[in-house]
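Asks:
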Amino acid sequence: MDMVYNVENVFAKIIRGDIPCEKVYEDEFTLAFHDINPRAPVHVVVIPKGSYVSFADFSANGSPEEIYNFFQSVGKIAEELNLLKGGYRILANHGQHAGQEVPHFHMHIFAGRHLGPMLVPVE
Ligand code: AMP
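Taking the numbering used here, I'd label the letters of the sequence shown as residues 6 to 128.
(1) Around the Cβ of His39, are there at least 16 other Cβ atoms within 10 angstroms (buried) or fewer (exposed)?
(2) Across which residues does DSSP place Met112 in a beta bridge pair?
(3) When every heavy atom of the ligand AMP is checked, does at least one fall within less than 7 angstroms of the C-beta of Asn11?
(4) Please go through the stretch 68-102 and give each complete beta strand (DSSP E) segment of 3 or more residues, from N-terminal end onward.
(5) Alpha helix (DSSP H) containing Val29: first to last residue?
(6) Could you name the residues whose beta carbon sits closer than 5 angstroms to any heavy atom belonging to the ligand AMP, keeping them in chain order?
(7) Where do the ends of the beta strand (DSSP E) carrying Phe38 lie?
(8) Look at the Cβ atom of Val47, then the Cβ atom of Ile82, and state whether they are nearer than 8 angstroms.
(9) Is it right to say Leu36 is buried, meaning 16 or more other beta carbons lie within 10 angstroms of its own, or is it exposed?
(10) Using the rule of at least 16 other Cβ atoms within 10 Å of the residue's Cβ for burial, across every protein chain shown, is Pro53 buried or exposed?
(11) Which first and last residues belong to the alpha helix (DSSP H) in which Val15 is found?
(12) How about Phe34 and Phe75: do their beta carbons lie closer than 8 angstroms?
(13) Quick one: using the 10 Å Cβ neighbour count with 16 as the cut-off for buried, is Gly123 buried or exposed?
Written out as structure tokens, the structure is:
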């Protein structure tokens, strides 16, 4: 996957305020919003505000403060959305095999129904 950050990706535009989002949470380092094409009753996308292409980029090059804040925010958002009792799933796609569409690191939070098996079983 291309490690050069493309400032024209859709999440960079959301961070800049060039396009709107349905915001769920924001702090100095992290932004979260409802996915435009939800795959579950609750489907939130959480992104760091820094320019990281993927999980690999963020985990290798994010500052300790950014990484700590990001993961703490994911937990906080799930709690604020009252997802702890019913449960939720977090997921990050990196690269081609995972089907990553947007080249800005993000984590999905899914909830609100039984989410089924983690992956479709291998044939
Ligand atoms: P991924 O396949 O992990 O890269 O996920 C990208 C996600 O971004 C998909 O679930 C899309 O529905 C979502 N998405 C794309 N554009 C927007 C947007 N403008 N606002 C909110 N979510 C978006």
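Ideal Cβ placement from N, Cα and C applies to all residues, glycine included.
Replies: From the atom records:
(1) Taking the sequence shown and counting its residues from 1, the one referred to as residue 39 is at position 34. Answer is exposed; the Cβ neighbour count stays below 16.
(2) Locating residue 112 in the sequence shown gives position 107, counting from the first residue. Note: Met112 sits in a beta bridge opposite Val51.
(3) Position 6 of the sequence shown, counting from 1, holds the residue named residue 11. Remark: the C-beta of Asn11 is outside contact range of the ligand AMP, defined as less than 7 angstroms to any heavy atom.
(4) List check, beta strand (DSSP E) in window: 93-96.
(5) In the sequence shown, counting from the first residue as 1, residue 29 sits at position 24. Here Val29 belongs to no alpha helix (DSSP H); instead the beta strand (DSSP E) covers Lys28 to Glu31.
(6) Listed along the chain, these residues meet the criterion: Val15, Asp40, Ile41, Asn42, Asn98, Gln105, Glu106 and Val107.
(7) Here residue 38 refers to the residue found at position 33 of the sequence shown. Per DSSP, Phe38 is one residue of the beta strand (DSSP E) stretching across Thr35 to His39.
(8) Locating residue 47 in the sequence shown gives position 42, counting from the first residue. Locating residue 82 in the sequence shown gives position 77, counting from the first residue. No; because the gap between Cβ atoms is not below 8 angstroms, this pair is not in contact.
(9) The residue given as residue 36 occupies position 31 in the sequence shown. Classification of Leu36: buried, given that the 10 Å Cβ count is 16 or more.
(10) Numbered from its first residue, the sequence shown carries residue 53 at position 48. Classification of Pro53: buried, given that the 10 Å Cβ count is 16 or more.
(11) By one-based count along the sequence shown, residue 15 stands at place 10. For Val15, the enclosing alpha helix (DSSP H) has its first and last residue at Val15 to Arg21.
(12) Against the sequence shown, residue 34 aligns to sequence position 29. Against the sequence shown, residue 75 aligns to sequence position 70. Their beta carbons are under 8 angstroms apart, which means Phe34 touches Phe75 by this criterion.
(13) Taking the sequence shown and counting its residues from 1, one reaches residue 123 at position 118. It is worth fixing the name first, because residue 123 is Met in this sequence and not Gly. Met123 should be labelled exposed.
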